[in-house]
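Numbering-wise (our numbering), the sequence shown opens with residue 18 and increments by one. A short write-up of the structure that comes next.
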Amino acid sequence: MGNAGTFEKPLVVAYFNVDYVKNPKGTNYWRNRVMKVGKKIREEGEKVYFAISGLEEMSRELEECGIEDRDGDKPVVCAWNSDNKKFQMKEEFSMETFEQFLRDFLAGKVEEYVKSEPVPESNDEPVKVVVGKNFDEIVNNKEKDVLIEFYAPWCGHCKSLAPKYDELAKKLEDEDSVVIAKMDATANDVPSPYEVRGFPTIYYAPKGSKDSPKKYEGGREVNDFIKYLAKESTDGLKGYSKDGKKKKKDKKSEL
Numbered sequence: 018m019g020n021a022g023t024f025e026k027p028l029v030v031a032y033f034n035v036d037y038v039k040n041p042k043g044t045n046y047w048r049n050r051v052m053k054v055g056k057k058i059r060e061e062g063e064k065v066y067f068a069i070s071g072l073e074e075m076s077r078e079l080e081e082c083g084i085e086d087r088d089g090d091k092p093v094v095c096a097w098n099s100d101n102k103k104f105q106m107k108e109e110f111s112m113e114t115f116e117q118f119l120r121d122f123l124a125g126k127v128e129e130y131v132k133s134e135p136v137p138e139s140n141d142e143p144v145k146v147v148v149g150k151n152f153d154e155i156v157n158n159k160e161k162d163v164l165i166e167f168y169a170p171w172c173g174h175c176k177s178l179a180p181k182y183d184e185l186a187k188k189l190e191d192e193d194s195v196v197i198a199k200m201d202a203t204a205n206d207v208p209s210p211y212e213v214r215g216f217p218t219i220y221y222a223p224k225g226s227k228d229s230p231k232k233y234e235g236g237r238e239v240n241d242f243i244k245y246l247a248k249e250s251t252d253g254l255k256g257y258s259k260d261g262k263k264k265k266k267d268k269k270s271e272l
């Protein structure tokens, strides 16, 4: 996130053509309207912070908020709650619509904006594809232990890992309680408490600890992953012992 990341939350930012040199009158016109509504809300006892920002300087931040229409003269607005979740104001800016947005935002009535690729129509491959909008459904599924790789399409290490990760998922296809998943972290929002600062970044989210996933720091060979999952899995693996060795199938005579 851009400049908004340095402010306390909840935070509401109005973006417009801020130019105190060439257009001080226009800049102050919108600033005063934003701050007048903000002051009114704060005087009612709401703890919320306000800022104004330039459209061009913060184009990346606007992309993160999903705000595409930036050609008008009026401000566009994005807000962050105390959990750092994002909310965009969809209505055209006026003092009335801005005030209503603030009240709805603070009351939890505005739908969170999540940057996301389309949810896959079918997700039948051994490695499950996670996007912003199905993250909860797959990764936070309380019935599954999930190993998730956050990758970037241009990342060489990710490309090297891909065939091994596919092989891992195929070897664990019969493990009903384990999911092997991946997400393009450049095209989808990575939710808290996950932190991705390089690629690939891999986390393990066991059934009972979805709020505190473990960052995977082990080797990246198939057997390294299997040993880790065999040891860490909540219910154990059906096909592997706790030390990661493949279990021998019971020889049963067919009737």
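Just so it is clear, CB atoms sit at the ideal spot from N, CA and C, and this is done for glycine as well.
Open item on the list: Can you tell me whether residue 171 is buried or exposed? The criterion is at least 16 other CB atoms within 10 Å of its CB, across all chains shown.
Closed with: exposed
TODO: Spell out the partners DSSP gives residue 69 in its beta bridges.
DONE: 31
- [ ] Using three-state DSSP, classify residue 84 as helix, strand or coil.
- [x] coil
- [ ] Buried or exposed for residue 104, please, with buried defined as at least 16 other CB atoms from any protein chain shown within 10 angstroms of its CB.
- [x] buried
- [ ] Below 8 Å CB to CB, which residues in the same chain sit around residue 129 once its five sequence neighbours on both sides are set aside?
- [x] 102, 103, 104
Open item on the list: Below 8 Å on the Cβ atoms is my contact criterion, and I expect residue 240 with residue 133 to pass it. Report the Cβ-Cβ distance as a whole number of Å.
Closed with: Rounded, the Cβ-Cβ distance is 34 Å, inconsistent with contact.
Open item on the list: Quick check on the DSSP output: the alpha helix (DSSP H) that includes residue 75 runs from which residue to which?
Closed with: Unbroken run through residue 75: none, as it is neither H nor E.
Task: Cβ-Cβ separation, residue 194 to residue 161 (assumed contact under 8 Å), whole Å - done: 6 Å
- [ ] Quick one: using the 10 Å Cβ neighbour count with 16 as the cut-off for buried, is residue 49 buried or exposed?
- [x] exposed
- [ ] Would you kindly report the start and end of the unbroken beta strand (DSSP E) that includes residue 47?
- [x] Element bounds for residue 47: not the beta strand (DSSP E) but the alpha helix (DSSP H), 41-60.
Open item on the list: With H, G and I counted as helix, E and B as strand and the rest as coil, what does DSSP make of residue 200?
Closed with: strand
Open item on the list: Considering only DSSP beta bridges, list what residue 97 is partnered with.
Closed with: 28, 103
Task: Cβ-based burial, residue 29 [other Cβ within 10 Å; buried from 16] - done: buried
Task: Neighbourhood of residue 89 by C-beta, 6 Å cutoff - its chain only, sequence neighbours within 5 removed - done: none
- [ ] Determine the closest residue to residue 71 out of 147, 31, 39, with distance taken between C-alpha atoms.
- [x] 31
Task: Exposure of residue 45, with buried meaning 16 or more beta-carbon neighbours within 10 Å - done: exposed
TODO: Report the rounded CA-to-CA distance for residue 47 versus residue 53, giving the unit in angstroms.
DONE: 10 Å
- [ ] Measure from the alpha carbon of residue 73 to the alpha carbon of each residue in 36, 261, 96, 181, then state which is nearest.
- [x] 36
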